[in-house]
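Reviewing the structure listed below.
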C-alpha cells in the first residue's frame, strides 16, 4: 500500500511513543485526524499546531477549540505566518481553548522539540499543519523547514 506523505505519516526512530505528521490545517481536518486517533486508542495525545497567516481569521479560535477538546495537551506555534505577526495569530488561536491544556511556543522547531520532550511511553505526538511541506513562509521569505529532520535529530541525539 502506498501511503501519502504528510497524511497521518508515522515516524519511528525507536522512541517509546508514537509520532505522526499530518497536513491538517483546517478545523474540519484537525477534528477528523484527532477523532480518528481517539477512535483507535486511548493514549494521551500531544498536539503541535498553528494557523497560517493571511487566511480566514475566524477559523483560528475554532482550531483552538478543537485542539483543546480533542487533544490532551497542545503546543500552539507558528505555521506559515506569511505577512502577519505570528504572536497575533497564536493569540487568536488560544482564544478558542476552553481549558488550560496548552502552551504557546512561537518557534515551531522549539515547539516540536518540547512536545517530544513532554511525551511519555505510550503517548502520541501529532504534529499538524505542515504535512508534506518542507518550508515555512515568513513575510516574503520561504525558509527551509523539515519537521522529519528535526524529529529525527532530536530522537537520535
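Numbering (UniProt numbering), first residue to last: 1 to 157.
Using N, Cα and C, we set each Cβ at its ideal position, and we do this for glycine too.
Nothing here was measured: the structure is a model prediction, and the numbers come from that model.
Item	Value
With DSSP collapsed to three states, give me the class of residue 48.	strand
How would you label residue 135, buried or exposed, when you count the other beta carbons within 10 angstroms and need 16 or more for buried?	exposed
Which residues in the same chain as residue 54 place their Cβ atom closer than 8 Å to its Cβ, once the five residues preceding and following it in sequence are excluded?	82, 83 and 84
In angstroms, rounded to a whole number, what distance separates the CA positions of residue 137 and residue 143?	6 Å
What is the rounded straight-line gap between the Cα of residue 170 and the Cα of residue 130?	No answer is possible for residue 170: it lies beyond the span of the chain, which begins at 1 and ends at 157.
Go through its chain and collect everything with a Cβ distance to residue 104's Cβ below 7 Å, but skip five positions before and after it.	76, 90 and 94
Using only alpha-carbon positions, find the residue among 141, 114 and 149 that is nearest to residue 80.	141
Measure the beta-carbon distance from residue 126 to residue 155 and round it to whole angstroms, keeping in mind my assumption that it falls under 8 Å.	Contact flag wrong, Cβ pair sits at about 16 Å.
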